[in-house]
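S.K.:
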Ligand SMILES: Cc1ncc(COP(=O)(O)O)c(C=O)c1O
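In our numbering, the protein residues as written are -5 to 449.
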């Protein structure tokens, strides 16, 4: 009798067209992929089409999608209202090189949802939004340094990359040491460090993912956000909530609404632009006024911050964003996605305990993260918010590569596309989608176990 194929052998056979496209891609595209996170061994997946909670790959597999546009698609793929709005706008022009009503509406909808925002300004991505927020904080305070937290992701500009990966002291190729020296990286959960750094008086702004690093992979302990708000207020330091992922997902007003904390500035991207490219920074009027022009209210000759950007608030992103935010103002949207994620996290943890597979699944709101190969102290087969007794490096980095690859491939073979060893859930994922996903997870981890991967 022929030996059963391994997960990897079966994956290579079933996803052959993706492999062919990848071989072609590496000849045209540096590294073969267009975002580091899409790199996957032995080759990444190539998608043909997507709708709702589903994607279809180039080999014709139907997949329940948990990548959801890197978190941008709160309403799933190609939501009818967003598609109609963009199609109509397409006929009316894609770039006016001038003001237009849609950008005003987009700004108004952000203000409506996020109460801490008096004024908004648009960018083309989350990376640009955090760059602008840091610059505003420096201009406002007249100080040079930014404090960020180990493992928190704020995009890929030179100031954002400091301390994003562990070990945090590691130099970042291509980024001048002089730039990195202006970014102070606080170790995980070390508020004494933050207090000491702020008391030196040279920190312009504190930026953080309010969920904790990488969408709640290293969650903040209860009460930390509030303490950071108090400390920044005391030291006149600008507090920037990077709500690129949490914005409009944790609640219509983002994580700041669910925590009841008012930051000075908020950065947004992904959901804010309804799945099209775009970002925004918004916040307190006196800080945002640094963008004001001569003789306008708030104008300050010495502190004027410039703001170019060819695609800022282009009409397509503006109409997609405004349409999406109108829908996202209804808290039922976030509640449904959150309920689906809770069902999934509970279901996955139960599978791990039932099948005696080392691992744990955690998260909050509508996101989940998975580690296989080791467990946490509070694994009881139910939902987990903060895994106990696990190194932050593991929470941020996920499973060892061998487990990660097998999980990814096994889930694809069972009709599920995970993101980064986890995923994000939309308002159009159904309980049936989630239950199928739990069964796919069971089939995958049982097969990994039976292949001897956890021995
Ligand atoms: C919290 C956070 N900030 C900033 C960014 C950068 O956004 P973009 O990819 O639009 O540049 C991301 C992207 O994933 C993010 O998760």
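Glycine residues also receive a C-beta, built at the ideal position from the N, C-alpha and C atoms. Given the structure is predicted, the values throughout are model-derived calculations rather than measurements.
Please name the residue in 401, 431, 433 and 154 whose C-alpha comes closest to that of residue 448.
M.R.: For the purposes of this step, residue 448 is identified with residue 454 of the chain shown, where counting begins at 1. Comparing Cα positions, the closest option is 401.
S.K.: Work out the CA separation of residue 376 and residue 341 for me, nearest whole Å.
M.R.: If you number the chain shown from 1, residue 341 lands on position 347. If you number the chain shown from 1, residue 376 lands on position 382. So the two alpha carbons sit approximately 8 angstroms from each other.
S.K.: Using a threshold of 7 angstroms, is the CB atom of residue 315 nearer than that to any non-hydrogen atom of ligand 1?
M.R.: Within the chain shown, residue 315 is the residue found at index 321, counting from 1. Incorrect: residue 315 has no Cβ contact closer than 7 angstroms to ligand 1.
S.K.: Please classify residue 245: is it buried, with 16 or more other beta-carbons within 10 angstroms of its beta-carbon, or exposed?
M.R.: Numbered from its first residue, the chain shown carries residue 245 at position 251. By the neighbour-count rule (16 or more Cβ atoms within 10 Å), residue 245 is buried.
S.K.: State the beta-bridge partners of residue 363 as determined by DSSP.
M.R.: Along the chain shown, one-based indexing puts residue 363 at 369. Per DSSP, 356 and 416.
S.K.: Do residue 57 and residue 48 count as a contact pair if the criterion is CB distance below 8 angstroms?
M.R.: In the chain shown, residue 48 corresponds to position 54, counting from 1. In the chain shown, residue 57 corresponds to position 63, counting from 1. Result yes, Cβ atoms of residue 48 and residue 57 sit closer than 8 angstroms.
S.K.: Does the stretch 307 to 327 come close enough to the stretch 163 to 183 to have 3 or more Cβ pairs within less than 8 angstroms?
M.R.: Contact between the stretch 307 to 327 and the stretch 163 to 183 is absent, because fewer than three Cβ pairs lie under 8 angstroms.
S.K.: Smallest Cα separation from residue 2: which of 409, 396 and 204?
M.R.: For the purposes of this step, residue 2 is taken as residue 8 along the chain shown, with counting starting at 1. Of the listed residues, the one whose Cα sits closest to residue 2 is 396.
S.K.: I'd like the ranges of any beta strand (DSSP E) spanning at least 3 consecutive residues and lying wholly in the stretch 19 to 60.
M.R.: Counting whole runs of 3 or more residues, the stretch 19 to 60 contains the beta strand (DSSP E) stretches 41 to 45, 48 to 51 and 56 to 59.
S.K.: State the Cα-Cα distance for the pair residue 220 and residue 267, rounded to the nearest angstrom.
M.R.: As a first step, residue 220 is located in the chain shown; it is residue number 226 there, counting from the start. As a first step, residue 267 is located in the chain shown; it is residue number 273 there, counting from the start. Each residue's alpha carbon lies about 29 angstroms from the other.
S.K.: Taking 8 angstroms as the cut-off, decide whether the C-beta atoms of residue 405 and residue 369 are in contact.
M.R.: Against the chain shown, residue 405 aligns to sequence position 411. Against the chain shown, residue 369 aligns to sequence position 375. No, the Cβ-Cβ distance between residue 405 and residue 369 is not below 8 angstroms.
S.K.: Where residue 72 and residue 45 are concerned, what is the direct C-alpha to C-alpha distance, given to the nearest angstrom?
M.R.: Locating residue 72 in the chain shown gives position 78, where the first residue counts as 1. Locating residue 45 in the chain shown gives position 51, where the first residue counts as 1. Distance between the alpha carbons of residue 72 and residue 45: 6 angstroms.
S.K.: Report the residue ranges of all alpha helix (DSSP H) runs contained in full by the stretch 102 to 165; include only those spanning at least 4 residues, in chain order.
M.R.: For the stretch 102 to 165, whole alpha helix (DSSP H) runs of length 4 or above, ordered along the chain, are 120 to 135.
S.K.: I need the residues with a C-beta less than 6 angstroms from some heavy atom of ligand 1; please give them in chain order.
M.R.: My final list is 64, 119, 120, 121, 124, 147, 148, 149, 203, 236, 238, 239, 263 and 273.
S.K.: My assumption, with CB atoms under 8 angstroms, is that residue 156 sits in contact with residue 142. Please give the rounded CB distance.
M.R.: Translated into positions along the chain shown, residue 156 becomes position 162. Translated into positions along the chain shown, residue 142 becomes position 148. Going by Cβ atoms, the distance from residue 156 to residue 142 rounds to 7 angstroms, so yes, they are a contact pair.
S.K.: Going straight from the alpha carbon of residue 424 to that of residue 333, what length do you get?
M.R.: Reading the chain shown from its first residue, position 430 is the one you call residue 424. Reading the chain shown from its first residue, position 339 is the one you call residue 333. Their backbone Cα atoms lie some 10 angstroms apart in a straight line.
S.K.: Tell me whether the beta-carbon of residue 177 lies closer than 8 angstroms to the beta-carbon of residue 153.
M.R.: Counted from its first residue, the chain shown places residue 177 at position 183. Counted from its first residue, the chain shown places residue 153 at position 159. In contact: residue 177 and residue 153 (Cβ atoms closer than 8 angstroms).
S.K.: Nearest to residue 262 by alpha carbon, out of 125, 131 and 421?
M.R.: Translated into positions along the chain shown, residue 262 becomes position 268. Comparing Cα-Cα distances from residue 262 to each of 125, 131 and 421, the minimum goes to 125.
S.K.: What residues in its chain sit with their C-beta under 8 angstroms from that of residue 193, if we drop five residues either side in the sequence?
M.R.: If you number the chain shown from 1, residue 193 lands on position 199. 229.
S.K.: Taking the C-alpha atoms as reference points, what is the distance between residue 327 and residue 26?
M.R.: The residue labelled residue 327 in the question sits at position 333 within the chain shown. The residue labelled residue 26 in the question sits at position 32 within the chain shown. Between residue 327 and residue 26, the C-alpha separation is close to 36 angstroms.
S.K.: Just to confirm, are residue 432 and residue 366 a CB contact at a threshold of 8 angstroms?
M.R.: Numbered from its first residue, the chain shown carries residue 432 at position 438. Numbered from its first residue, the chain shown carries residue 366 at position 372. It is not a contact, given that the beta carbons lie outside the stated cut-off.
S.K.: Under 8 angstroms between the Cβ atoms of residue 135 and residue 198?
M.R.: In the chain shown, the residue the question calls residue 135 occupies position 141. In the chain shown, the residue the question calls residue 198 occupies position 204. Cβ atoms of residue 135 and residue 198: closer than 8 angstroms.
S.K.: How far does the alpha helix (DSSP H) with residue 236 in it extend, from its first residue to its last?
M.R.: Locating residue 236 in the chain shown gives position 242, counting from the first residue. Not the alpha helix (DSSP H): residue 236 falls in the beta strand (DSSP E), residues 232 to 236.
S.K.: Just confirm the distance between the C-beta atoms of residue 428 and residue 276, as a whole number of angstroms; I'd bet it's less than 8 angstroms.
M.R.: If you number the chain shown from 1, residue 428 lands on position 434. If you number the chain shown from 1, residue 276 lands on position 282. Not really, about 33 angstroms apart at Cβ, beyond 8 angstroms.
S.K.: Which residue marks the beginning of the beta strand (DSSP E) containing residue 245, and which one marks its end?
M.R.: Within the chain shown, numbered from 1, the residue matching residue 245 stands at position 251. From DSSP, residue 245 is part of no beta strand (DSSP E); its letter is neither H nor E.
S.K.: Taking C-beta to C-beta, are residue 311 and residue 335 nearer than 8 angstroms?
M.R.: Along the chain shown, one-based indexing puts residue 311 at 317. Along the chain shown, one-based indexing puts residue 335 at 341. Not a contact, by the Cβ cut-off of 8 angstroms.
S.K.: Ends of the beta strand (DSSP E) at residue 197?
M.R.: On the chain shown, residue 197 is found 203 positions in, with the first residue counted as 1. From DSSP, the beta strand (DSSP E) with residue 197 extends over 197 to 202.
S.K.: What's the gap between the Cα of residue 62 and the Cα of residue 70?
M.R.: As a position in the chain shown, residue 62 is number 68, starting the count at 1. As a position in the chain shown, residue 70 is number 76, starting the count at 1. If I take the Cα positions, the gap works out to 7 angstroms.
S.K.: Which of helix, strand or coil does DSSP assign to residue 226?
M.R.: Position 232 of the chain shown, counted from the start, is the residue given in the question as residue 226. It is helical.
S.K.: Please classify residue 90 as buried or exposed, where buried requires at least 16 other C-beta atoms within 10 Å of its C-beta.
M.R.: For the purposes of this step, residue 90 is taken as residue 96 along the chain shown, with counting starting at 1. Exposed.
S.K.: Pull up the distance between the alpha-carbon of residue 257 and that of residue 19, whole angstroms please.
M.R.: Taking the first residue of the chain shown as 1, we reach residue 257 at position 263. Taking the first residue of the chain shown as 1, we reach residue 19 at position 25. Roughly 43 angstroms between the two C-alpha positions.
S.K.: So, under 8 angstroms CB-CB, residue 273 and residue 122 are touching, yes? Tell me the CB distance rounded to an integer number of Å.
M.R.: As a first step, residue 273 is located in the chain shown; it is residue number 279 there, counting from the start. As a first step, residue 122 is located in the chain shown; it is residue number 128 there, counting from the start. About 6 angstroms separates the two Cβ atoms, so the contact holds.
S.K.: How should residue 204 be labelled, buried or exposed, when 16 other C-beta atoms within 10 angstroms of its C-beta is the threshold for buried?
M.R.: Against the chain shown, residue 204 aligns to sequence position 210. Its Cβ being crowded by 16 or more others within 10 Å, residue 204 is buried.
S.K.: Please classify residue 212: does DSSP put it in a helix, a strand, or coil?
M.R.: Sequence index remark: in the chain shown, residue 212 carries index 218 (1-based). It is a strand residue.
S.K.: Tell me the rounded alpha-carbon separation between residue 232 and residue 215.
M.R.: By one-based count along the chain shown, residue 232 stands at place 238. By one-based count along the chain shown, residue 215 stands at place 221. Looking at the two C-alpha atoms, the distance is approximately 22 angstroms.
S.K.: With C-beta atoms as the reference, is residue 386 less than 8 angstroms away from residue 200?
M.R.: Position 392 of the chain shown, counted from the first residue, corresponds to residue 386. Position 206 of the chain shown, counted from the first residue, corresponds to residue 200. For residue 386 and residue 200, no; Cβs fall outside 8 angstroms.
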